[in-house]
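Numbering (our numbering), first residue to last: 160 to 634.
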């Protein structure tokens with residue numbers, strides 16, 4: 160079975176075949192470094208992390224490029240996001256960019272997202288941007304206005320709209336941004352913008368002091384590192400238009416080579432209790448806030464529980480479900496270790512069943528990264544191991560195979576909790592002793608109260624077994 164992936168361009172699943180053998184070039188639109196990372200970012204970048212891990216799992220060598228937007232991403236008012244933030248905080252724009260880039264790298268590490276191979280910044284590629292703008296002017300796709308701005312002339316690129324299926328004639332002028340009077344057509348978009356005297360981030364160019372438009376940054380960077388064609392372009396679905404549509408026009412207009420990207424792979428929207436997350440609604444949820452309550456593994460499992468192209472809803476109920484599932488993973492791995500030490504049997508009882516479930520898990524990911532269905536088989540593996548242990552029908556080989564498969568498949572989603580031998584705090588030991596004494600004298604109300612206190616205060620769950628009281632950490 161071959162990997163199939165949904166291509167936004169064709170609106171169907173396609174067999175994945177890289178341009179060059181087993182080498183994959185992946186570009187994902189990076190963050191604009193002017194604010195804290197929110198859950199929408201987490202959803203998107205956790206998915207591409209899983210995609211990279213799965214491609215590696217299948218034997219592909221992936222070069223993952225994620226750009227850093229540190230200039231040119233304008234608000235609908237025409238104001239640069241980073242400069243606006245700098246004014247609010249009375250800092251230099253580059254201080255803002257540095258701070259929020261470090262924040263993003265920190266969150267990436269906490270969420271167990273592999274750092275991309277390349278993270279080039281727009282401000283470090285002004286030469287490449289100017290060169291590409293110049294090429295587009297020479298080829299007749301762009302024009303310079305008397306005001307010193309450079310625009311891409313949409314009517315000159317006949318394929319404009321082929322990704323989003325939006326027809327240029329049907330687009331409403333001013334629907335997204337304020338119409339600029341110096342454009343030939345309201346649909347034309349900025350490649351280079353003349354800087355006003357007070358604009359801090361500006362560079363010399365053949366058209367005067369200015370700064371790049373948002374769309375041109377990505378193609379200039381991609382062409383430098385990947386050349387005129389590459390395999391996968393990723394990003395959230397809301398970027399398909401106009402951002403990715405503009406990228407196609409710029410790259411194919413400049414190079415004449417089509418297609419610019421072979422597979423366009425987009426992630427779905429994020430909602431908060433069923434409502435789209437947006438700054439205008441004031442319902443932005445920062446990743447760092449969620450990490451204070453839930454472990455990275457819980458967040459990763461919650462994200463993987465919804466197909467990457469479907470809307471993902473953030474609510475406490477879903478996070479709690481994910482937390483309980485991570486506890487199941489922790490519990491089975493601890494139980495496996497315990498039973499391996501005790502077990503003397505060597506004959507295999509259910510290795511074949513484990514391998515069948517592993518195969519079904521992989522088949523789900525081969526079918527357009529169907530992570531929720533894959534997780535169903537993942538937890539069937541855990542259920543099978545638990546069942547066989549309870550029946551006493553297991554061997555060391557069974558348990559070691561099960562453990563290996565759980566780690567192997569769980570690592571694709573980064574949902575395996577860290578299991579380290581821990582010493583109970585002295586206060587907990589004292590409470591457990593008090594609870595045992597309460598149970599001996601039949602005071603089960605006190606025993607239950609102490610059990611709940613330990614659970615809520617220390618995140619430690621006590622379990623009463625025939626062998627005595629056992630404990631485990633919970634997320």
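Backbone N, C-alpha and C fix where the C-beta goes; we use that ideal spot for every residue, glycine too.
| Asked | Found |
| --- | --- |
| Where residue 535 falls: helix, strand or coil (DSSP) | helix |
| Unbroken alpha helix (DSSP H) run spanning residue 252, endpoints | 252 to 269 |
| Contained alpha helix (DSSP H) runs [length at least 4] in the segment 468 to 512, N- to C-terminal order | 475 to 501 |
| Spatial distance of residue 371 from residue 417 (CA atoms) | 24 Å |
| Collapsed DSSP secondary structure at residue 337 in the structure displayed | Here the model assigns residue 337 a pLDDT of 49, short of 50, so the residue's position is not dependable, and the following value carries that caveat. Correct three-state label for residue 337: coil. |
| Closest Cα partner of residue 185 within the set 523, 297 and 394 | 394 |
| With 16 other Cβ atoms within 10 Å as the buried cut-off, status of residue 223 | buried |
| Same chain only: Cβ atoms within 8 Å of residue 242, ignoring 5 sequence neighbours per side | 252, 358, 359 and 360 |
| Neighbourhood of residue 269 by C-beta, 7 Å cutoff - its chain only, sequence neighbours within 5 removed | 450 and 455 |
| DSSP bridge partner residues for residue 426 (one or two, in chain order) | 395 |
| Cut-off 6 Å between Cβ atoms - residues of its own chain near residue 202, not counting five sequence neighbours on either side | 429, 462 and 471 |
| contact_flag[the segment 592 to 602, the segment 483 to 493] where n(CB pairs < 8 Å) is 3 or more | no |
| Spatial neighbours of residue 590 in its chain, beta-carbon cut-off 6 Å, leaving aside the 5 residues before and after | 609 and 613 |
| Neighbour-count burial assignment, residue 412, 16 or more Cβ in a 10 Å radius | buried |
| For residue 455, the first and last residue of its enclosing alpha helix (DSSP H) | 455 to 463 |
| CB of residue 520 within 9 Å of CB of residue 460, strictly | no |
| Cβ pair residue 341, residue 388 closer than 9 Å | no |
| Spatially closest choice to residue 518 from 540, 296 and 314, by CA coordinates | 540 |
| Contacts around residue 575, its chain only, beta-carbon distance under 8 Å, and the 5 residues preceding and following it disregarded | 456, 488, 492, 565, 566 and 569 |
| Length at least 3, wholly inside the segment 160 to 215: the beta strand (DSSP E) runs in chain order | 163 to 166, 171 to 174 and 182 to 187 |
| Element boundaries [beta strand (DSSP E), containing residue 349] | 348 to 353 |
| Of the residues 343, 322, 339 and 288, the one placed nearest residue 315, counting alpha carbons only | 343 |
| Candidates 363, 403, 599 and 200: closest to residue 381 by CA position | 403 |
| Reference residue 560; option with closest CA among 515, 196, 206 and 226 | 515 |
| Inter-residue spacing [alpha-carbon to alpha-carbon] between residue 280 and residue 379 | 11 Å |
| Local Cβ density within 10 Å of residue 537, reported as buried at 16 or more and exposed below that | buried |
| Residues that residue 371 bridges to, as DSSP identifies them | 351 |
| Pair within 9 Å by beta-carbon distance, residue 266 and residue 434 | no |
| Presumed contact (8 Å Cβ cut-off) between residue 232 and residue 282, rounded CB distance | With 8 Å as the limit, residue 232 and residue 282 do not qualify as a contact, their Cβ atoms being about 12 Å apart. |
| Residue(s) in a DSSP beta bridge with residue 627 | 624 |
| For residue 304, the three-state DSSP class (helix, strand or coil) | coil |
| Spatial neighbours of residue 362 in its chain, beta-carbon cut-off 6 Å, leaving aside the 5 residues before and after | 285 |
| For residue 617, the first and last residue of its enclosing alpha helix (DSSP H) | 603 to 617 |
| Neighbourhood of residue 526 by C-beta, 7 Å cutoff - its chain only, sequence neighbours within 5 removed | 163 |
| Local conformation of residue 331 per DSSP, three classes | Because the pLDDT of residue 331 is 48, which lies under 50, any placement of that residue in the model is unreliable, and the number read from its coordinates should be weighed accordingly. It is coil, neither helix nor strand. |
| Residues near residue 225 in its chain [Cβ-Cβ closer than 6 Å; skip 5 each side] | 187, 189, 275 and 278 |
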